[in-house]
Amino acid sequence: MKFELRKNCLAQVVAIALCGSFVSAAQAAPTVISGFGTTSATIDDAGYFSPAGALGLSFNGREFVNLGTFASNWSLNANGGSVAVADSVAGNNPLATTAFGAGGSISVVTNLGGGGGGWSLVETVSVPASGHVAVQIQLTNNTGANATGVQWGVGIDADQGVPAGFGFGTTNEILGLGNASAVRATSLDGWSLTLANTTSASAFNIAGYIDPFSCCSPVDPAAMLAAAQAIGNYGFADSSINLAYDLGAIANGQSATFGYEYIMAVPEPETYAMLLAGLGLIGFSARRRSAV
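Residue numbers (mature numbering (1 follows the signal peptide of the UniProt record, and there is no 0)): -28 to -1, 1 to 264.
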């Protein structure tokens, strides 16, 4: 997938018009997409994982996000300031978007025709492979003026250790930078969630970010880009994982298209056995100390 800046084509205009009619007709309920018998996501009208039920993002029967504080969000900046922040904790929908099923049970489009200070959003969510939930964003400047300093941020609080009794903490790592930007959160029993860029955008900056301050609050993409966190292990904590995109300038009537994936994985059997053995030894050591 390549990062694109382009003028709206007829198909995009038609899609916005059709979806705008849908928005005016009714607000849709959260939409569930699933695939491969292993992977599902429930998308809210605002485009984040829905906090309305027990399942937001799940793989192999385990929920990853709707546990404790259901935290999923995205943010849009332009011209040096915030345009919109969509936050599942607040339950808001700043661009008045609507989610609906399209192209079968594995695709959802979130679309805005107007509003949001003139910014329109088309978000397509799919399940391209087992354990993968892919998001493509098409962001269009309909403000009537050219925009500079356009930035996008996306974040999630991964809590996949909770169903197995391992709590909210995860080991948080930045795995790559630039086009290879990826951030991973791994629970104590080895289940991992990676938020990975899928966009080729060498002319623009993409950054992974682990929030050292909060598990559950949206992070300003400008702050994430300025932090320039390096590849490495950022320790074990209940932290959010995030990606930030510096999209540069978007002229009036033009669009930027980019994307990312949520990748869920289970530990290999050998790794899982070693994890359990290690946890057992820790428990044995603790019991032995308490008995002395």
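Just so you know, even glycine gets a beta-carbon here, dropped at the ideal spot from N, CA and C.
Counted within 10 angstroms of its Cβ, other Cβ atoms place residue i as buried (16 or more) or exposed
{"i": "residue 23", "result": "buried"}
{"i": "residue 77", "result": "Low local confidence applies: a pLDDT of 39 at residue 77 is under 50, so the model's placement there is unreliable, and no value is given."}
{"i": "residue 240", "result": "exposed"}
{"i": "residue 172", "result": "exposed"}
{"i": "residue 193", "result": "buried"}
{"i": "residue 117", "result": "exposed"}
{"i": "residue 130", "result": "buried"}
{"i": "residue -6", "result": "With a pLDDT of 39 at residue -6, under the threshold of 50, the predicted position of this residue should be treated as unreliable, and no value is reported."}
{"i": "residue -8", "result": "For residue -8, the pLDDT reaches just 36, beneath the cut-off of 50, and the residue's location in the model is therefore unreliable, although a value from the coordinates is still provided. When all chains shown are included, residue -8 counts as exposed."}
{"i": "residue 153", "result": "buried"}
{"i": "residue 31", "result": "buried"}
Assumed close pair residue i, residue j - CB separation to whole angstroms, cut-off 8 Å
{"i": "residue 36", "j": "residue 165", "result": "5 Å"}
{"i": "residue 197", "j": "residue 177", "result": "6 Å"}
{"i": "residue 339", "j": "residue 134", "result": "Because residue 339 is not part of the residues shown, which for the chain are -28 to 264, the question remains open."}
{"i": "residue 162", "j": "residue 210", "result": "Their Cβ separation, rounded to whole angstroms, is 17 Å, which puts residue 162 and residue 210 out of contact at 8 Å."}
{"i": "residue 124", "j": "residue 217", "result": "4 Å"}
{"i": "residue 212", "j": "residue 26", "result": "In fact, because the Cβ distance is near 20 Å, the residues do not count as touching under 8 Å."}
{"i": "residue 191", "j": "residue 224", "result": "Not confirmed; about 28 Å, so no contact."}
{"i": "residue 58", "j": "residue 45", "result": "6 Å"}
{"i": "residue 51", "j": "residue 119", "result": "6 Å"}
{"i": "residue 103", "j": "residue 55", "result": "Wrong, their Cβ atoms sit about 32 Å apart, outside the cutoff."}
{"i": "residue 222", "j": "residue 168", "result": "About 24 Å; that fails the 8 Å criterion."}
Proximity to residue i [Cα-Cα], best of the options
{"i": "residue 60", "options": "89, 28, 73, 32", "result": "28"}
{"i": "residue 227", "options": "115, 15, 4, 68", "result": "115"}
{"i": "residue 4", "options": "209, 96, 180, 238", "result": "96"}
{"i": "residue 170", "options": "161, 155, 159", "result": "155"}
{"i": "residue 204", "options": "141, 180, 240, 99", "result": "180"}
{"i": "residue 109", "options": "126, 100, 119, 117", "result": "126"}
{"i": "residue 220", "options": "167, 113, 10, 93", "result": "113"}
{"i": "residue 64", "options": "17, 122, 232, 131", "result": "17"}
{"i": "residue 139", "options": "168, 41, 194, 14", "result": "41"}
{"i": "residue 47", "options": "11, 71, 122, 30", "result": "122"}
{"i": "residue 151", "options": "94, 120, 232, 130", "result": "232"}
{"i": "residue 70", "options": "50, 117, 99, 19", "result": "19"}
{"i": "residue 202", "options": "145, 188, 235, 184", "result": "145"}
{"i": "residue 98", "options": "72, 182, 49", "result": "72"}
{"i": "residue 206", "options": "193, 184, 118", "result": "184"}
{"i": "residue 106", "options": "15, 208, 200, 160", "result": "15"}
{"i": "residue 137", "options": "10, 21, 34", "result": "34"}
{"i": "residue 132", "options": "111, 153, 157", "result": "157"}
{"i": "residue 13", "options": "62, 94, 53, 101", "result": "101"}
{"i": "residue 128", "options": "182, 195, 153, 208", "result": "182"}
{"i": "residue 149", "options": "160, 199, 159", "result": "199"}
{"i": "residue 296", "options": "94, 10, 62, 6", "result": "As displayed, the chain neither begins before -28 nor continues past 264, which places residue 296 out of reach and without an answer."}
{"i": "residue 143", "options": "53, 11, 187", "result": "187"}
{"i": "residue 189", "options": "208, 238, 237, 62", "result": "62"}
Please give the ranges of any beta strand (DSSP E) in the region 122 to 157, keeping only runs that are unbroken, at least 3 residues long and fully inside the region. 142 to 148
Which runs of the beta strand (DSSP E) spanning at least 3 residues fall entirely within the region 30 to 79, listed in chain order? 44 to 50, 53 to 59, 70 to 73
For the region 152 to 207, list the alpha helix (DSSP H) runs that are entirely contained and at least 4 residues long, ordered along the chain. 193 to 199
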